[in-house]
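Numbering of the sequence shown is given in the numbering used here, commencing with residue 4 and proceeding in unit increments. For every residue, glycine included, the Cβ atom is placed at its ideal position computed from N, Cα and C. Since we're looking at a predicted model, the values are computed, not measured.
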Amino acid sequence: MSASSRESLAGAGWQDQEPGAYRELMPPKVVKLSWLDPSTLWRARNGPLASMFGDPTGTDRQRWVRAQVARGDAEEDLVITRTDPDTFSFMLLGDTGEGDGPQYAVVPGLLEAGAGTRFAVVCSDVLYPVGSGNEYPTKFFRPYRDYAAPIYAIPGNHDWYDGLTGFMRVFCRAPALPPAARPRPLSRAWWRGLLWARPDTPDDALIDEARTLRSAPEQAASQPGPYWAMDAGPIRIIGIDTGLLGDIDREQGEWLRRVARGPRPKILVTGSPIYVDGEHHPCAIGGGGTVDDIVRDPAHHFVAAIGGDIHNYQHYPVDVDGRRIEYVVSGGGGAFMHATHTIPRVGVGGVTEDDFRCYPMRGDSLAFYSRLYGRRLRLRRLFDLTPDQAAAVVAARLGITPVRASADSEGKVTLRARFVASMLGVATRPHRRRRVRLPVRHALTQVLSPGSATYSPPFFKNFLRLDVGPEAIRIRCYAATGLRAQEVDPPVEDDFTIPLRPGDGG
């Protein structure tokens, strides 16, 4: 098995190695998406508008679902019934599609590790920037044309930037919704509508031509709506749609409570992770309660909750009244990388730093961003840290032991390294006073982190393989760096098993 980033610099992709063959999969011309381009931000304006003037996602979502049911394309409970055996495997990846090198770099390892799997699930933000149906040919059908099994998906906030039109056309074959009723003049909805971005009109001929790339019988997939429940072998997978702002409406909440009943072990798949960046985000439900209330209810037998949206990997094994529920972030499927070095020392939900796992590791994340800022600010001699230097300063500031031990990572931390770590948002232990930082933690997540995309390895992407059996589920997080050796033998960055006790769910 290939060494992981936890074992060596080569495993992390830092040392000179042969580039991967992923470029051979890409179209001849690739448009590199820039989140620092004002036109891109303008196209993606519906999220901020929903925050300021009210979120129409819940109403629009139910219009989509009711239309599906009315046409006979979905049953009321939105259940996908499969014929998988009691022992099978599937893949999961999130936040996939910018259509550039980092997305395609995930594909060779995905095909290698995904050999023999029964299906795949995309959890959040199938493509960027605004989920246009006309971008699915190069950002969905082409990258995954050789994955020989169905692909299901739940939308993320970017898929909602076009009102979910592209997502519903591709995954549910749904026609566009008729125009909504006009809002009352001068109401919040009226003001929102003045600036609201209208969806592109899907080019049916273009999409139908692209479907031929995934037209083999074994690749056929059909899902009833943007949220669904899937009975697969001994488990039920429940995918929820958290819309533009990371919550769900009352009607979806009632549906979730209904399909969560029963003794079958369950995995939640969500566009908004419940534990992320050392914090708990239980996901509000319109009318009261939270999604995590439902997940934690022992009568529902959830064993895991996996979310996208944040573009890295994080794992929080949480003890809930004597049962362990695995909370996972898996949003590193191809889009720009969100920093992990800004995650404070973990102490949430009973999970400590010793229990927590992330990819990229914090030191590798800091090294990545130090090089990025050094290049952008033309201050490389000041900002650039080696991976070992970065690991050492992260360990010193958080009071932890470096995961990947080396002479440098265990040595003296220089004043320059401390300055760079402080400026780039590395947290300190709680008793230490915070200092001025460059906008890495919040502003970077919203604006500058999307501009962190690089087109040379290492990429620090990830995807999951879940091996399901009647007694246990094994989950492995694989890395995708863009290097040839790790395409052929993808390294495993995390590996854990969930025992299944019939009637108990955990």
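Taking the Cα positions, glycine 196 is about 19 Å away from serine 135.
The beta carbons of arginine 264 and histidine 303 sit about 7 Å from each other, so the pair counts as a contact at 8 Å. Here valine 331 has Ile309, His318 as same chain residues with Cβ atoms under 6 Å from its own Cβ, once five neighbours each way along the sequence are excluded.
The stretch 153-173 and the stretch 41-53 touch, with three or more beta-carbon pairs separated by less than 8 Å. Straight-line spacing of the CA atoms in methionine 29 and aspartate 206 works out to 22 Å.
The beta carbon of glycine 377 is closer than 6 Å to those of Arg383, Phe386, Asp387 in its chain, skipping five residues each way along the sequence. Under the three-state reduction of DSSP output, proline 276 falls in the coil class, being neither helix nor strand.
Under the three-state reduction of DSSP output, isoleucine 403 falls in the coil class, being neither helix nor strand. Taking the Cβ atoms as the reference, leucine 81 lies roughly 5 Å from tryptophan 231, within the contact range of under 8 Å.
Cβ-Cβ distances below 6 Å link valine 323 to Arg299 in the same chain, with the five nearest sequence neighbours on each side left out; the list follows chain order. Taking a contact to require three or more Cβ pairs closer than 8 Å, the stretch 175-194 and the stretch 29-44 do not qualify as touching.
Under the DSSP assignment, aspartate 19 falls outside any alpha helix (DSSP H); it carries neither an H nor an E label. Straight through space, the alpha carbons of arginine 217 and glutamate 101 are spaced by roughly 19 Å.
In this structure the stretch 493-507 does not lie against the stretch 122-140, because fewer than three pairs of beta carbons, one per stretch, are closer than 8 Å.
For the options Ile478, Asp492, Val491, Ala482, the alpha carbon positioned closest to that of serine 92 is the one of Ile478. Counting along the chain, glutamate 257 sits inside no beta strand (DSSP E); it lies in the alpha helix (DSSP H) bounded by residues 253-262. Aspartate 128 is positioned such that its CB atom lies closer than 8 Å to that of glycine 159.
By alpha-carbon distance to alanine 338, the top candidate from Val351, Pro320, Gly311, Thr355 is Gly311. Counting the other Cβ atoms within 10 Å of the Cβ of glutamate 138 gives 16 or more, which makes it buried. Distance from the CA of serine 409 to the CA of leucine 12, rounded to the nearest whole angstrom, comes to 10 Å. As DSSP reads the structure, aspartate 498 sits in a beta bridge with Arg479. Put simply, the stretch 66-73 does not touch the stretch 415-424. Fewer than three CB pairs are less than 8 Å apart. A direct Cα-to-Cα measurement between proline 320 and alanine 73 gives close to 41 Å. Of the other Cβ atoms in all chains shown, 16 or more fall within 10 Å of the Cβ of lysine 269; this residue is therefore buried. By the neighbour-count criterion, in which a residue is buried when 16 or more other Cβ atoms sit within 10 angstroms of its Cβ, alanine 183 is exposed. For alanine 151, the CB contacts under 6 Å within the same chain, skipping 5 residues up- and downstream, are Glu221 in chain order.
Contact check for histidine 341 and isoleucine 313: beta-carbon distance about 5 Å, within the 8 Å limit, so the pair qualifies.
Only residues of its own chain outside the window of five on either side were considered, and among them Asp250, Thr293 have a CB closer than 7 Å to the CB of alanine 287, listed in chain order. When secondary structure is reduced to three states using DSSP, tryptophan 38 falls in the coil class, being assigned neither helix nor strand.
Within the model, the alpha-carbon separation for glutamine 255 versus valine 349 is close to 32 Å. For asparagine 465, the enclosing beta strand (DSSP E) stretches over residues 464-471. Annotated three-state conformation of tyrosine 330 is strand, per DSSP. For tryptophan 67, the enclosing alpha helix (DSSP H) stretches over residues 60-73.
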